[in-house]
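Here the protein sequences come in this chain order: A, B and C. Mapped onto the working numbering, the consecutive letters of the first sequence carry residue numbers 1 to 307. Mapped onto the working numbering, the consecutive letters of the second sequence carry residue numbers 308 to 739. Mapped onto the working numbering, the consecutive letters of the third sequence carry residue numbers 740 to 1053.
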Amino acid sequence: MDFGPHLLLASLEGAVTAAILALTAMGLSIVFGVMRVVNVAHGEFYMLGAVIAWWVTSLIGGHPAIGFVMALGIAPLVVGLLAAAADKLILQKINYDPDRTIVATIGLLYIIQQTTLMTFGPDARPVQPPFNTRLALPWFEYGEGGFAMFWPWGLSITSYKLFVIVAAVAILTTLWLLITRSKIGLIMRATQLDSETALAFGVPVDRVYMWVFGLGAGLAAVGAVLVVPIQQAHYLMGHDPLLLAFITVIIGGLGSLPGTIIAAILIGMSDGIISVFFSPTLAKIIATLLVAMVLVFRPQGLLGRSA
Amino acid sequence: MVTKPESKFTRRGVLKTLAAGTGAIAATSALPGLSGFAQAQSSAPIKLGFQVHRTGIGAAYGRWYNRTTEAAVKRINDMGGINGRPVEIVAEDDGTDPKRGAEVLEKFATQHECDIAFGTLFSHVVYGSAPRAGELKLPYFVVSEGHHVASGKLNRYTLQPGITDVKSQVQAMAPFVANNLGKKVTMIFPDFAFGHDHRDFFTAAIEAQGGEVVEAIAIPPTETSFTKYFPRIPRETEVIYHVMVGPAVLTFVKELGEFFGPSSPEIFGFIDSLEAVDIKSPGLEFLEGTYFWEGNPRNAQADQSSHDKAYRAAVGVDDNGASLEDAQDVSTYSHMFGCWETLNVIKRGMETANYQGPADRAKLIEAVEAMSDMPLSDDHPQGAKRFNGKTHQTFGHQYISKVTDGKLVVEHTTSIEDGLYEDEVDYTTQSF
Amino acid sequence: MSNTQRSNLLHLGTITLLAVAFFILPTYHVGNLSRIMVLAVYAIGYNFLFGYTGLLSLGHALFFAAGMYGLGLSMELFDLTTAPALVVGLASALVISAVIGFLALRTSGVSFMIVTLMFAQAGYLTILYFGTYTRGDEGFVIQQADRVLFGVDLSSDTGRYFAALALFSVCFLAVAHLVQSPFGRTLVAIRENEERARMLGYDTVTHKLKAVIISGTISGLAGAAYALLFGYAGATFATVQYSIFPLLWVLLGGAGTTIGPLIGVIFMFYLIDLSSSITSAYMLIAGVVLVLLTLFAPQGLAGELRKRVFKWMP
């Protein structure tokens, strides 16, 4: 493929990656920002979202869109409730001590993963997208005969992948409004700034933590429901999103939601675009090192305040 | 391993021998068939340590390896066991991890006191475990299709008698690809040693056929989206050769189809790309008319042998290669037959060597090394095999199937000779 | 008895106990213990940075792998004998930890965690990328005949066990000594309050860099020893999982205690080994135990002992 179309295709793919990443990382970022804890089980909540989506769609027959919409409603809810319960039963008991939270959530990771393996099984299971048309994309070039349009071989995207980008933007905008304009958001921000003062002003900090933890997991699940028609539900699928989401949150700057979005776009797009210039594995190595270097030279992250 | 010879002069020993003797005589003469295990000197079971991928990346394969192994052992026990002794499987999960794999082998040898170990699929687990098998002097029968055994990198205690290796498979494919599909090939494979084997062996084999590999695209193993790599496929490509492993295989194949749309070159894949995946999954419609290597045809063919029929029924697989209980639960049909056949080889080896206990392990290996041709039979339902005792590797037929109406229909069966190559090692020169 | 005497007694007693274990335990457990001791060296290296200096790294698999591949590749590709290969392994871990330390120490806290994680991930991919030499995920076998050090056959049960014990003892005692030295005490001061340590005139950055290098080199030594004693080097050991393991071992055993790493490894090893013989869902049991431990023994096993019973414990 020529350079131009190749770059366009890689950018589109990068945008899809960035959209999903923004959703999963946003969940982690909120938890991180408000509660200051590392949730290692975040990837497993993502995986659960995908598995529940498969389960819902395979129970409901008819047009795939019906099952998909149901899954989009049910999966985040179930996952969010589970996470809130885990918070109440475990994290609250250990007082959100940083080290202990890491071990406890690693334990949670194993519990969720293994339970899924025993019930759902080891196979990767597909979910049918609600719609999926291949859209061939044109390319313009200035040649001898002037400006010409043509259809390069392979240059295409599917309608569903475009939908994922749009959906992610819509969900993130809603979330933004929720946090900045609603009372729930105000309470969240107050707890984030100073949990003790918030407590003094009658904010039920424990309960806020519980629902924030649930909300974070729910967002991961939303990302998973969106991604599962492209990829498949598999009990080990939470691993890479966890790492990527982590990296995104830190690069964006701890506790900065806009930073998380910018970092997600940066990481997702660079993953796509760098792949144009280097062989696949080398591109991954370079992309990883580049992102690491961002932190080395800007330890507080892109939009984080310096310590 | 130390075996304690029973002294003839103790009272208990004499009584025991007497009892066993009379029992055996009574059973063999009076009740033939009712108790097939009775003529053995010891009726203690022969213990086979089964290294199984229950968790980790290989779990989808592990489950079917387990089912096949249980079915094969049941059949062997129904036929009277090995040397008159029942066979017992001691299964341990290796988590598809080379470190745990080696630990599990130790457990077989020193804690469970297994007679042999067998069953590993993923090459890295084989590599991690084989040194321990050699040190523990534990015969280790792998079902991995890796080239590790025949390459000479392992040791005399490691054998692969039930499944062909990737070098042989790939080499046997090249003539068909070059003569029927095209000479300019783009390869897409995981950036794993397994993928590199495909690249290296196929490049050599297609060049021998007058073709060439125009591009080799190695995909990093952590990848979950693939479209961005496909523009690397040169326009002149006549055939795409793909092989992928792991949970993302379905995404890979689907995105390949979406990338090409209506104007795709010929596509030839290793069924590994779709092992344990239903070929009728949404998004795979474009596979219609493409070709696959199969180790063992997943769909029952029109000319299905009675042996395949019996094997299929014993393991519990329907005519579409899925579980009898759940049509969604697709088997790893191209690999798991290796467990069945390996167990039958172990049985024959133990019988030839008159295997009695761990002291006879070397004899067992020599007996297997002496094997050569194995005809198509209920013991070898995938097809005839030719075992090479020097390289510890078996050779056999390969199948090339075309997707026709959502089924894999065999178009071509390669000969054993197509997959032969020169010996790279002679394990029989190594001491035990 | 003074606290120092008690500590010495504990350390020497542990080593004696491990030596005696070889003669009284069944073969299977002797084999396990030799693995455990090498992995405990890895954990000791990790504990030095995490437990005593307070830096949480998620990239130690890179150091472990550096030692493993430094030794393995120099034997496989350049036919070095064991002793020089061991030096190469040690040197590669040292160099890599120095470079990573230099870069990553510009960050702190969670950023340090993520930067080390990403460097380790890049290292893992690099091993795959150079698959022609490293054989990628599959790895390679170090032949039994080559695994001889100073005339000791490291592939025999006895040779392996006592080599592992010797390595463990040296690292165990050295680190126990180091953390009691002025250097070690400064690290603890940095862990407790870096700002204060700096105000007192300590060059905290150099101290932390030294800690990363010492920790990384010990981890690399464990990696090299693992390859040598068990005859295999592979990319799995460079995955994130193997960075998380030492963190778990140390947290379970007790961060900032000398004996904690060993206890953590033993606990985790037998937890998996025993529960896997009961059920195939052994990771589920492991998960539940981890959660329970954080709820009821937050300082880790040795840490709780120190808190409740043996206040003198090092």
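Cβ coordinates follow ideal geometry from the N, Cα and C atoms, glycine included. Values in this document were obtained by computation on a predicted structure and should not be read as measured data.
Residue 139 of chain A carries a strand assignment under DSSP once its states are collapsed to helix, strand and coil.
In the structure shown, the three-state DSSP call for residue 979 of chain C is coil.
For residue 562 of chain B, the CB contacts under 8 Å within the same chain, skipping 5 residues up- and downstream, are 532, 533, 534 and 537 in chain order.
If the five residues before and after residue 989 of chain C are omitted, its C-beta is found closer than 7 Å to the C-beta atoms of 782, 785, 786, 789, 790, 999, 1000 and 1003, all from its own chain and listed in chain order. A straight line joining the alpha-carbon of residue 96 of chain A with that of residue 86 of chain A spans about 12 Å. Per DSSP, the beta-bridge partners of residue 708 of chain B are B:599 and B:717. Sequence-ordered contacts of the region 97-131 of chain A with chain B read 113, 114, 117, 121, 122, 123, 124, 125, 126, 127, 128 and 129 [C-beta pairs closer than 9 Å]. Residue 500 of chain B reaches chain C at 870, 874, 875, 876 and 877, counting residues in chain order whose Cβ is nearer than 7 Å.
Beta-bridge analysis with DSSP links residue 357 of chain B to B:398 and B:425. For residue 945 of chain C, the uninterrupted alpha helix (DSSP H) run begins and ends at 943-969, by DSSP. Identification of residues in the region 284-295 of chain A having a C-beta nearer than 7 Å to some C-beta of chain C yields 284, 285, 288, 289, 291, 292 and 295, given in sequence order. Judged by their CB atoms, residue 495 of chain B and residue 549 of chain B are nearer to each other than the 8 Å cut-off.
For residue 855 of chain C, the number of other beta carbons within 10 angstroms of its own is at least 16, and it is reported as buried. Collapsing the DSSP output to three states places residue 702 of chain B in a strand.
Exposure of residue 515 of chain B is indicated by the presence of fewer than 16 other C-beta atoms within 10 angstroms of its C-beta. Within the same chain, Cβ atoms closer than 8 Å to the Cβ of residue 390 of chain B are found at 347, 353, 657, 658, 661, 662 and 663, the five residues on either side in sequence being excluded. As for any beta strand (DSSP E) of minimum length 3 sitting wholly inside the region 817-879 of chain C, there is none. Bounds of any alpha helix (DSSP H) do not take in residue 486 of chain B, whose DSSP letter is neither H nor E. Residue 420 of chain B: not part of any beta strand (DSSP E); DSSP gives it neither H nor E.
For the set B:679, B:395, B:559 and B:591, the Cα lying nearest the Cα of residue 525 of chain B is the one of B:559. Interface annotation, residue 153 of chain A: in contact with chain B, CB-CB separation under 8 Å. In this structure, residue 483 of chain B and residue 719 of chain B form a Cβ contact; the two beta carbons are roughly 5 Å apart against a cut-off of 8 Å. Burial is judged here by how many other beta carbons sit within 10 angstroms of a residue's own beta carbon; residue 368 of chain B has at least 16 and is buried. Annotated as distal: residue 153 of chain A and residue 684 of chain B, with beta-carbon spacing of 8 Å or more. Contact between residue 873 of chain C and residue 808 of chain C holds, with the beta-carbon distance rounding to 7 Å and staying under 8 Å. Only those residues of the region 624-641 of chain B whose C-beta falls short of 9 Å from the nearest C-beta of chain A are listed: 635, 636 and 637.
Comparing C-alpha distances from residue 941 of chain C to each of C:931, C:819, C:954 and C:925 shows the shortest one belongs to C:925.
Taking 8 Å as the cut-off, the Cβ atoms of residue 528 of chain B and residue 553 of chain B count as close.
The C-alpha of residue 623 of chain B is placed about 29 Å away from the C-alpha of residue 675 of chain B. Annotation: residue 455 of chain B is outside any alpha helix (DSSP H) and is labelled neither H nor E by DSSP. Considering only beta carbons, the part of the region 990-1014 of chain C lying closer than 9 Å to chain A consists of 990, 991 and 994, in chain order.
Of the other Cβ atoms in all chains shown, fewer than 16 fall within 10 Å of the Cβ of residue 381 of chain B; this residue is therefore exposed. Residue burial annotation: residue 1050 of chain C is exposed, with fewer than 16 other C-beta atoms found within 10 angstroms of its C-beta. At a cut-off of 8 Å between C-beta atoms, residue 1022 of chain C counts as an interface residue with respect to chain B.
DSSP places residue 575 of chain B within a strand segment (E or B) once states are collapsed to three. At least one C-beta of chain C is nearer than 8 Å to the C-beta of residue 438 of chain B.
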